[in-house]
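**Q** Numbering of the sequence shown is given in our numbering, commencing with residue 1 and proceeding in unit increments. Yeah, the Cβ is synthetic: ideal placement off N, Cα and C, and Gly gets one too. As the structure is a computational prediction, the values presented were derived from the model and not from experiment. For reference, the structure I am asking about is given below.
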Amino acid sequence: MDINTLVRLPVKTNMPKLAPGDTVKVTVKVIEGEKQRGQAFQGVVIRVRKGTNNASFTVRRVTHGIGVERTFMVHSPLVEKVEVIRHGDVRRARLFYLRGLSTKESRAKEKGRALSVEELAGAGAAVSAAPEAGAEPEGAAASSEVPAVNAEAASAPAAEAGVSEAK
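And the structure:
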């Protein structure tokens, strides 16, 4: 008999997809005496262990020059909320090599993300509004640039001729 069949934790459905290199903010329930509060821990995900009951992820951050790593169980009732602040672009599943790097060197590049339909519509409206604001039509801009190029081309042979005459 498997331990997962004996002990079934309630599965959290509001968990975002986590990947190594992501910067996350984890809010953990902390009980101090009779008071209960949420404590935030923000850092880079360096490991993700998938599974049923024992799924976990490890978050690392550097505070005052000291590296702090904390492992969170995904389905733990103490983990209130996990927010992905940015997605990192890394090529490894385990980022343990970050332990030996400085804070600046350990920053992962940000992964390019696909735009949603709303963002595309907003960007399209901004692009279509830009040409209307310009007072100069397209043809006028092109015709004003052509003489400047021809003037440079015409002066170049004259300059070369002047140099050859000086010799």
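So is ALA55 buried or exposed if we call it buried at 16+ other beta carbons inside 10 Å?
**A** Within the sequence shown, numbered from 1, the residue matching residue 55 stands at position 55. Flag for ALA55 reads buried.
**Q** Expressed to the nearest angstrom, what Euclidean distance is found between the alpha-carbon atoms of LEU78 and THR13?
**A** Indexing the sequence shown from 1 puts residue 78 at position 78. Indexing the sequence shown from 1 puts residue 13 at position 13. Between LEU78 and THR13, the C-alpha separation is close to 15 Å.
**Q** Give the DSSP-derived three-state secondary structure of THR5 in the structure shown.
**A** Taking the first residue of the sequence shown as position 1, residue 5 is located at position 5. Residue state, collapsed to three classes: helix.
**Q** Thinking C-alpha only, which one of VAL24, ASN53, GLU105 is nearest ARG86?
**A** Taking the first residue of the sequence shown as position 1, residue 86 is located at position 86. Per the Cα distances, VAL24.
**Q** Do LEU62 and ASP22 have their C-beta atoms within less than 7 Å of each other?
**A** What you label residue 62 is simply residue 62 of the sequence shown in a count that begins at 1. What you label residue 22 is simply residue 22 of the sequence shown in a count that begins at 1. Residue identity differs from the one stated: residue 62 is Val in this sequence, not Leu. No, these two residues do not count as a Cβ contact at 7 Å.
**Q** Note down the Cα distance separating SER76 from VAL82, rounded to an integer number of angstroms.
**A** Against the sequence shown, residue 76 aligns to sequence position 76. Against the sequence shown, residue 82 aligns to sequence position 82. The straight-line gap from Cα to Cα measures roughly 12 Å.
**Q** Would you kindly check if the distance between the Cβ of THR27 and the Cβ of GLY43 is under 7 Å?
**A** Walking along the sequence shown from the start, residue 43 turns up at place 43. Walking along the sequence shown from the start, residue 27 turns up at place 27. Taking 7 Å as the Cβ cut-off, GLY43 and THR27 do not qualify as a contacting pair.
**Q** With distance defined between alpha-carbon atoms, name the residue in ARG70, ARG47, VAL7, GLU80 nearest to GLY88.
**A** The residue you call residue 88 lines up with position 88 of the sequence shown. For the residues ARG70, ARG47, VAL7, GLU80, the minimum Cα distance to GLY88 belongs to ARG47.
**Q** Rounded to a whole number of angstroms, what is the C-alpha to C-alpha distance between GLU32 and ARG60?
**A** On the sequence shown, residue 32 is found 32 positions in, with the first residue counted as 1. On the sequence shown, residue 60 is found 60 positions in, with the first residue counted as 1. Approximately 24 Å, taken between the alpha carbons.
**Q** Where does the unbroken beta strand (DSSP E) through GLU83 begin, and where does it stop?
**A** For the purposes of this step, residue 83 is taken as the residue at position 83 of the sequence shown. Run containing GLU83: 79-86, per the beta strand (DSSP E) assignment.
**Q** From the DSSP output, which residues share a beta bridge with ALA170?
**A** Residue 170 is absent from the structure shown; the chain starts at 1 and stops at 167.
**Q** What's the call for VAL45, buried or exposed, on a 16-neighbour Cβ count within 10 Å?
**A** Your numbering for residue 45 matches position 45 in the sequence shown. Label assigned to VAL45: buried.
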